Structures are given as C-alpha cells and as structure tokens.
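Protein chains in written order, with this note's numbering: chain A, 8 to 146; chain B, 8 to 146; chain C, 8 to 146; chain D, 8 to 146. Built from N, CA and C at the ideal position, the CB exists for glycine as well. On a predicted model such as this, the values are computed, not experimentally measured, just so you know.
Number of protein chains: 4
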Amino acid sequence: MTSQLDIDTVNAMVVEQYPGSRNRCVELGLDHAVAACDVTPIDIRPGGFIAGPTQFAVADCALWFLSFVGLGRIEPMALTSELSIRFLRPAIGDRLLCRATLEAVSRRSVIGTAHVWVDGQADRYTATAQGTYAVPLPR
Amino acid sequence: MTSQLDIDTVNAMVVEQYPGSRNRCVELGLDHAVAACDVTPIDIRPGGFIAGPTQFAVADCALWFLSFVGLGRIEPMALTSELSIRFLRPAIGDRLLCRATLEAVSRRSVIGTAHVWVDGQADRYTATAQGTYAVPLPR
Amino acid sequence: MTSQLDIDTVNAMVVEQYPGSRNRCVELGLDHAVAACDVTPIDIRPGGFIAGPTQFAVADCALWFLSFVGLGRIEPMALTSELSIRFLRPAIGDRLLCRATLEAVSRRSVIGTAHVWVDGQADRYTATAQGTYAVPLPR
Amino acid sequence: MTSQLDIDTVNAMVVEQYPGSRNRCVELGLDHAVAACDVTPIDIRPGGFIAGPTQFAVADCALWFLSFVGLGRIEPMALTSELSIRFLRPAIGDRLLCRATLEAVSRRSVIGTAHVWVDGQADRYTATAQGTYAVPLPR
C-alpha cells in the first residue's frame, strides 16, 4: 500500500473535489511542488498584465500541493492559514507556473516559499510568496 | 471638473478595463472602500468552503478601490506591490464583502488593512489582510 | 481561583521569564492589549528614526499579550508563528505604544492586528502589523 | 572611483550611523548578503529560545545589506517598507546568521527573501522572511 502521491492522483483529486480550480500539478519532488495555470482573458487587468489574484491562486495551489509533499499524503482539507505575496514585475503570457519549496513541516503546519513565473521565462519571476498551510488536527 | 470618485464611475472603469473581474465597488468613504463579489460554484474548495483565492481577490480589489480613495482619483494603473492575508474561519455563503481601511498614503504607495466577511455575517470575519498598492511614478 | 489576567501579573511574568524584554503591558481589554517601550539611543537608526526592529518588538509583544486575552490565561509559551509589518512613516520620539486587536482565536492559534505609534501621536501610526501566535498543543 | 561596496565599509557605516545595531555584514555577493549577530542573555525568551525580535532584527539587517547589493552602493537611508517573517523551529545557540537573496530591484524598491539559522546549523533554518526596502526617491 502506498500513499499514491503522484501527479495524476493529485490532479484527479483536484478535478473531483475542487472543479472550479484551473490550477494543476505538474511536478512533485522531495521538497518541492510545481503548479501551472493557463491564462485566459478574464485574468487580464488594466495594462494588459496577468492579475494579482490569478498569480496568488497558482501560488496558493502550489503550496497546497507542497503540503501533500510535506505530509507524505494527499490531504484535501489542508487549508491556507496565511500567505503573503510580493509582485516583482509585470506578468505577460499564456501560462503561469509556480514552484513551492518546503521550509518546515510540523504536526500543525507546512510552511513554504513560492516563486511564480510566465512559461518560458523561469529566470524572471513575476511574484514571490511565502505561506502556511494548516494540517487538520485530530479531534 | 471633479475627480468623479463615485461608485458608478469606479465600476464603469472596472467593467471596461478589467472585464474578467467579478468584484464591484459598493461603498466609498473618506478613509475606506468596500468591494463585493457574488460567489459561484467555481469558488468552492474541498469542504464546501469559499476558496482562499476568491477571498484574496475581493480583498485585493477593495484595496485597489481604497487606493483611489487615498489618491483622490481613479487610478487603474495602481498595482498591488504586496499583500498578506490570514484566514480566520471557514467561509460559507453566496456573497463576499471586503472593507479596506486606509493606513497611509505617500507619493509612492497606499497602505491599507482589509476585512472579508460573508454577506449577513459582518461580525464574523473570514479573512483579514494588509497590503500596499504602488502609485505610478512620474517618468 | 482565577486566571489572574491583569497587567501587573503579566508584567511580573515578563520580568521574571523574559528579563531582556523592554516591553511592558499597559492595557488589557476584552479584545485588545497595549504594550509600551521606552526608546533608548540604541534604537535609533540612520536618519534619527526609531528602528524597524524596535517597532517590530513592541508589536510582537502586544500580540503576545493579546494571545493571553484570547486564551483567557497567561501563556508564556505562546510563540509567534508569523508576523508581517508595514512601516507607515518615520517614528521619532521617546516612547512607543502598540495596540493589538483580536481577529480570531482557535485551538491552535490567536490572530491579531497591531498598530504602533509614538506616545502623544496616537493619530499618526508609524507601523501596522498582523500576526499569528501559536498556542501550545497538548502532547 | 568605486562604489566601495565591501564588507568593511558597510560595517564601518553601521558602527558610525547605527551604533545600537548588533548586526554585522559577513558576506556580500552578486545577488545576496549575509548578516550575523552574537546572541546575548537579553535575547532569550521563555523556553530558553532566541526571541523573535532578535531574529527579525538580523533578517531586517541582511535585507538592508542586500539593498546595497541591489543598488550597487551603500544607501543608509534605504528603509524597510514591509517585512513578513515565519518562525520554523526553536532557535538555540550563541550566534545567528541570515542570508538574504535578491528577488527584484526597481527604481523604488529592493525585494528579497531571507533565511535565519543558528551558527553551525545551516541546514536547519529557524526563520524565513521576505521583505521590501524602499529606495529614497529623488526630490
């Protein structure tokens, strides 16, 4: 019996339990996870840039996947307790990626740092974030 | 000639320049602004709760409107430079509201604090946030 | 027997268990706490302003006292899990105050918003912060 | 004529203009800076741990030095505009180090990510932070 922590199983859970999410898992590592999101016209804010909330959403999702990495299992009820994000430069493109890296895991939380970029421009981050996911406590 | 900082003019700008945004201005004061968003099925995450990114989006938008209050004019190109958000309790309902309150205005930025709640439950905030909007610099 | 959540008992605990702290409790309410700190020459950074870390320290301490309010008891082992701070304007003066206001209490954490000002200028905040204190979990 | 961005010149500025600071520069790179601080009894909070504000101070200082790296010059009047910090595990030891890494530089700000650890335990960060330094604007 395994924890089945693989990309396809994670994405199947997202599709089933969070059908409104446009973010998908594209990579899972020992201490990181990568999420991706296709950009659509509704994501474009004044100036022609990808809006902040779209970038927040992919970062939040990458940290959710990272919490699965930290816990060693898919835990849909891991919840964001807090997240801070800084926008570094205008984001223009068709697809966003975000890599979240593990900072710490405890009984109560998973903490990570995340970087967002436009596909093809991994050397030019458009946002950087840090956040905490709360692990469900036993009752 | 006035700066036309009223709710209808703000919302007309949003509809025209940021058509994908589902957030609207519902109140503008001397030191605050309120944004609202109708919740749809795509906003629901596992557990049946309104997702974090939806709450972030309404907070980010309330702070955008607050930057207009701080500047005394509609400034579509005011951009979020950073925002931190904390989730306080599960959010369940049909409509989100967020009040942003002015903390400081300078030549370069507008800083505010924001509280998010579900319509009808203004005494039970679901999220609290603080953030900075960058004011466009003269070239 | 009561929880003895009063200012003198809080300060006696600080003096005994955290003797290096220069921050003291000056007010405890039903949903807030106020900390104060006398400014000394070591707190002055270039420009003649009170340094950021000194302002952070009084905010962190006010949130610690606020966690006692939230929990209804003095809990020295409540620990900051995260804190974000924004500096609003230069701070010049002899004494700093910080009021922390309760946002949420759960089994695992206390969340609050804090405002820092120089004594005598309560209408001109020098910093605003939000943070989370972790409540010790039962073993 | 050079910008004299070297460790000794940075520390000489700190000693002269910010004599109360106990943090020193120990490394400057092309995209990072490292600050260090000797821990003293006044830094110890209940539980025997190095207090949060001491860790914040070394992170804030590392980001200040990082702003010099980003700007290519020593700029004492670069000021923290905002900083968020997360505490990862208890910090116990005699000396703190913090490495700040550059995320972005613009006309108005320098943004970086910082990791704090106890000397000798660089594989076990005690805190992680991100923040923004404001660059003085021309008048």
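Annotation note: the region 54-109 of chain C contains the following uninterrupted alpha helix (DSSP H) runs of length 4 or greater, listed N- to C-terminal: 59-78. Comparing alpha-carbon positions, the option among G127(D), F75(D), Q24(D), P145(D) lying closest to I51(C) turns out to be Q24(D). From the beta-carbon of P60(B), the residues of chain A found nearer than 7 Å are P60, F63, A64, D67. A straight line joining the alpha-carbon of A98(D) with that of W124(D) spans about 8 Å. Contact of E89(C) with chain A is assigned, a C-beta pair being separated by under 8 Å.
E110, A111, I118, T120: these are the residues of the region 99-125 of chain B whose beta carbon lies less than 7 Å from some beta carbon of chain C, given in chain order. In the DSSP assignment, Q137(B) falls within the unbroken beta strand (DSSP E) covering 134-141. Here the region 129-143 of chain C makes contact with the region 62-71 of chain C; the two share three or more CB pairs at distances below 8 Å. In the assembly as shown, I49(C) is an exposed residue. Its beta-carbon has fewer than 16 other beta-carbons within 10 Å. With its beta carbon at least 8 Å from every one in chain D, T135(B) lies outside the interface. Sixteen is the threshold: since fewer than 16 other Cβ atoms of the shown chains lie within 10 Å of the Cβ of R80(A), the residue is exposed.
Note that the C-beta distance between A111(C) and L95(B) is below 8 Å. The residue from A58(B), C32(B), R106(B) with its alpha-carbon nearest to that of G138(B) is R106(B). Shown here, A42(D) sits in a strand according to DSSP, grouped into three states. Using beta-carbon distances, Q24(D) counts as an interface residue toward chain C, with a partner under 8 Å. Closest by C-alpha distance to G55(C), out of G119(D), Q11(D), P26(D), D101(D), is P26(D). DSSP places T120(A) within a strand segment (E or B) once states are collapsed to three.
Annotation: I92(A) to T61(A) spans about 12 Å, alpha carbon to alpha carbon. Taking one beta carbon from each stretch, the region 68-78 of chain A and the region 30-37 of chain A have 3 or more pairs nearer than 8 Å; the two touch. I14(C): member of the alpha helix (DSSP H) spanning 14-24, first to last residue. By the rule that beta-carbons nearer than 8 Å mark a contact, R96(A) touches chain D. Check the Cα spacing between I57(D) and each of D126(D), G100(D), L109(D), D130(D): the tightest is with G100(D). Here the alpha carbons of V41(C) and S116(B) stand approximately 28 Å from one another. Taking 8 Å as the cut-off, the Cβ atoms of L90(A) and H39(A) do not count as close. Taking the Cα positions, D45(A) is about 22 Å away from T120(A). Against chain D, the beta carbon of Y140(A) has no neighbour under 9 Å; the closest one sits roughly 12 Å away. Taking L78(B) as the centre and dropping the five residues before and after it, the same chain places the C-beta of A85, V112, V117, V142 closer than 8 Å to its C-beta, in chain order.
With contacts defined as CB atoms closer than 8 Å, P53(B) and P83(A) qualify as a contacting pair. For D15(A), there are no C-beta contacts with chain B under 9 Å, since the nearest C-beta of that chain is about 18 Å from it.
Burial is judged here by how many other beta carbons sit within 10 angstroms of a residue's own beta carbon; T47(D) has fewer than 16 and is exposed. Of the candidates V76(C), N18(C), A43(C), G59(C), A43(C) places its Cα closest to the Cα of G127(C).
Here V76(A) is buried. Its C-beta has 16 or more other C-beta atoms within 10 Å. For R93(C), a Cβ of chain B is located within less than 8 Å of the residue's own Cβ. Chain B places a beta carbon closer than 8 Å to that of L144(D), counting this residue as a contact. Spanning the alpha carbons of L144(B) and V21(A) requires a straight line of approximately 41 Å.
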